Amino acid sequence: MTFALSRTSGDPLQLTQEHELLVQPRRGGEVTWSLDGVTLTPAERTRGLDAWVGRATTEMHSLALFTQLASQIHLLGAPLDWSGAFARVIADEVRHTDLSLRMSALLGGPHTVTFDERTFHLPVGGSLRAHVRHTIIEAFCIGETLSGRMYRHALKAATVPVAKKAVTAILVDETFHAEFGWEVGALLMRPHEGFEAERGELARHLPGMFQSFARQSCVTRGPEWTAAQPMVESGENLGSLTDEGYAQCFYAGMEADVVPGLEAIGFPEARGAWQAFLAAHPG
Amino acid sequence: MNDRRLLRLRQLAQGAALLGAATVLPSCETPRAAAPTPPADTGKPVDGAPAPDAGEPPFRTPAQLNAPRPRVTMDPQEAKEAEAAKAAAADAGVAAMPPQTGVILNAPPNSAPIEPVPTKVHLNAPRRPDAGTPK
Chain A
1 MTFALSRTSG DPLQLTQEHE LLVQPRRGGE VTWSLDGVTL TPAERTRGLD AWVGRATTEM
61 HSLALFTQLA SQIHLLGAPL DWSGAFARVI ADEVRHTDLS LRMSALLGGP HTVTFDERTF
121 HLPVGGSLRA HVRHTIIEAF CIGETLSGRM YRHALKAATV PVAKKAVTAI LVDETFHAEF
181 GWEVGALLMR PHEGFEAERG ELARHLPGMF QSFARQSCVT RGPEWTAAQP MVESGENLGS
241 LTDEGYAQCF YAGMEADVVP GLEAIGFPEA RGAWQAFLAA HPG
Chain F
1 MNDRRLLRLR QLAQGAALLG AATVLPSCET PRAAAPTPPA DTGKPVDGAP APDAGEPPFR
61 TPAQLNAPRP RVTMDPQEAK EAEAAKAAAA DAGVAAMPPQ TGVILNAPPN SAPIEPVPTK
121 VHLNAPRRPD AGTPK
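Same order as they appear, the protein sequences are chains A and F.
Using this note's numbering, the letters of the first sequence map in sequence onto residues 1 to 283.
Using this note's numbering, the letters of the second sequence map in sequence onto residues 1 to 135.
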């Protein structure tokens, strides 16, 4: 089933008021939803709109996945501080989806985004602990780490005040998400009965994860060629990078953060998987 | 990631295990069996909780609500039926479908399109056997 996600229910409700409070940026002050004084070419507006509609989609997916994960850690007997931190992460994803939808609307784009609910949750097979570990490492240690780097560069690129504010709000949260993910990921790597088999199975998935995130990060060629391409388009910028700019963030983030981090928490295989990836993407 | 942070992660990963609860969800291994019909609310105590005094209103006290519940175990016939349902799902190609990455990265607008990810919640929904990217 597909449905169109809208920001609010449409009536003056207390739940809407609460939502409006929650989606305020945690730092950096309120966003002034205006393009006053900004002149955008059609190409600049389209680039920005593509970025923000895409973000509304991916942030909503994060919201759904992290909410599923939050309920799963309860079943594992995780300490309560995991739940507290997850509650923030979920609130953050609500904020990001909301900001993205508002940016889309401000730029004359859609006020809603369509989803297929079957894409929201990941199937669980076998050990729930292994599944949660796998998802945390994939979504947080890799995904949130890479997207945090992308948002850092998107903030540098942004020239339009409203976009700067919105990107700042998301970047503050994403930075925490990556840190949270590495901590929880490390805690989930503490050995228990049957751990080595689960660890080995996850390690076998690392090459596939790297490829999946490369694809999502618009990687088409090797790191040298990618690094030589422009990271941003010229002109006014609404907080987006070129495709090659996202790919640059992927390569830099994998080298500086993801691979060393995976090694540190107990995946020595990460280095070999990354070298194999680089060998398959020369130049 | 600087050396100090990497060292901290190493230390975190080498501590004592924190999670002690369930590691396997029964519903992940076999199709969920039909939930047993709850007993009619007679106002009597549940799950061995102390009986209310005569004249007490017919609802459960917080202590009764929090009383431990008996473990629910699947009887042999139910287990057999669950196995048969699992085999039928496998025949329909559900179990044979490769697992998918499914995790979607935030940010790039032009990255590969999002593909549907099957979930156990929708075991009955028809799905393309070639959907998604193997993990």
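Glycine included, each C-beta is placed from N, C-alpha and C at the ideal position.
Treat the numbers as computed from the prediction; the structure is a model and nothing was measured.
| Query | Result |
| --- | --- |
| is_contact[A/Asp-243, chain F] using C-beta, thresh 8 Å | yes |
| CB contact check: F/Ala-84 to chain A, cutoff 8 Å | no |
| Assigned secondary structure, A/Thr-114 (DSSP; H/G/I helix, E/B strand, else coil) | strand |
| Alpha-carbon spacing of A/Gln-24 relative to A/Ala-91, whole angstroms | 10 Å |
| Check: F/Leu-105 C-beta below 7 Å from any heavy atom of the ligand MG | Ligands displayed in this structure: none; no statement on the ligand MG is therefore possible. |
| Chain-order list of residues whose beta-carbon lies under 6 Å from that of A/Ala-203 (same chain, five-residue window excluded) | Phe-267, Glu-269 |
| Cβ-based neighbour list, A/Phe-120, same chain, cut-off 6 Å, excluding 5 preceding and 5 following | Ala-64 |
| Which residues DSSP lists as bridging A/Thr-2, in chain order | A/Asp-116 |
| A/Tyr-251 at chain F interface by Cβ criterion, 8 Å | no |
| Length of the line joining the Cα atoms of A/Pro-79 and A/Pro-230 | 45 Å |
| Segment contact flag, the stretch 195 to 215 of chain A with the stretch 226 to 241 of chain A, C-beta cutoff 8 Å, min 3 pairs | no |
| Complete beta strand (DSSP E) runs within the stretch 131 to 173 of chain A (minimum length 3 residues, chain order) | none |
| Test: A/Asp-257 CB closer than 8 Å to a CB of chain F | yes |
| Top-ranked residue by Cα proximity to A/Arg-129, from A/Ala-70, A/His-153, A/Phe-176, A/Ser-147 | A/Ala-70 |
| Cutoff 8 Å; reference A/Arg-271; Cβ partners in own chain excluding five residues on either side | Val-259, Glu-263 |
| CB contact flag (F/Leu-12, A/Gly-77, <8 Å) | no |
| A/Ser-104 (DSSP reduced to helix, strand or coil) | helix |
| Members of the stretch 172 to 200 of chain A near chain F, C-beta cut-off 7 Å | Trp-182, Glu-183, Ala-186, Leu-187, Met-189, Arg-190, Pro-191, His-192 |
| Within 8 Å, strictly: CB atoms of A/Leu-99 and A/Ala-169 | yes |
| Rounded C-alpha distance that separates F/Arg-10 from F/Ala-16 | 13 Å |
| Residue-chain proximity (F/Arg-4, chain A), Cβ-Cβ < 8 Å | no |
| Span separating the alpha-carbon of A/Leu-75 from that of A/Ala-56 | 30 Å |
| Counted within 10 angstroms of its Cβ, other Cβ atoms place A/Asp-36 as buried (16 or more) or exposed | exposed |
| Proximity of A/Phe-213 and A/Gly-181 at Cβ, strictly below 8 Å | no |
| Contact check, A/Pro-110 vs A/Val-31, beta carbons under 8 Å | no |
| Partner residues on chain A for F/Ala-17, Cβ-Cβ distance less than 7 Å | Arg-190, Pro-191, His-192 |
| C-beta atoms of A/Ile-142 and A/Met-209 nearer than 8 Å | yes |
| Neighbour-count burial assignment, A/Thr-39, 16 or more Cβ in a 10 Å radius | exposed |
| Interface flag, A/Phe-3 vs chain F, CB-CB below 8 Å | no |
| Closest by C-alpha distance to A/Gly-28, when choosing among A/Leu-155, A/His-19, A/Ser-127, A/Ala-85 | A/Leu-155 |
| Where F/Ala-87 meets chain A, residues with beta-carbon distance less than 8 Å | What F/Ala-87 touches in chain A: nothing, since even the nearest Cβ is about 16 Å away. |
| Residues near A/Ser-9 by beta carbon distance below 8 Å, same chain, minus five either side | Leu-15, Thr-16 |
| Proximity of A/Arg-149 and A/Ala-227 at Cβ, strictly below 8 Å | no |
| Short Cβ contact (8 Å threshold) for A/Glu-144 with A/Glu-174 | yes |
| N- and C-terminal bounds of the alpha helix (DSSP H) containing A/Asp-11 | Segment: none, A/Asp-11 is in no alpha helix (DSSP H) and carries neither H nor E. |
| Min CB distance F/Ala-79 to chain A below 8 Å | no |
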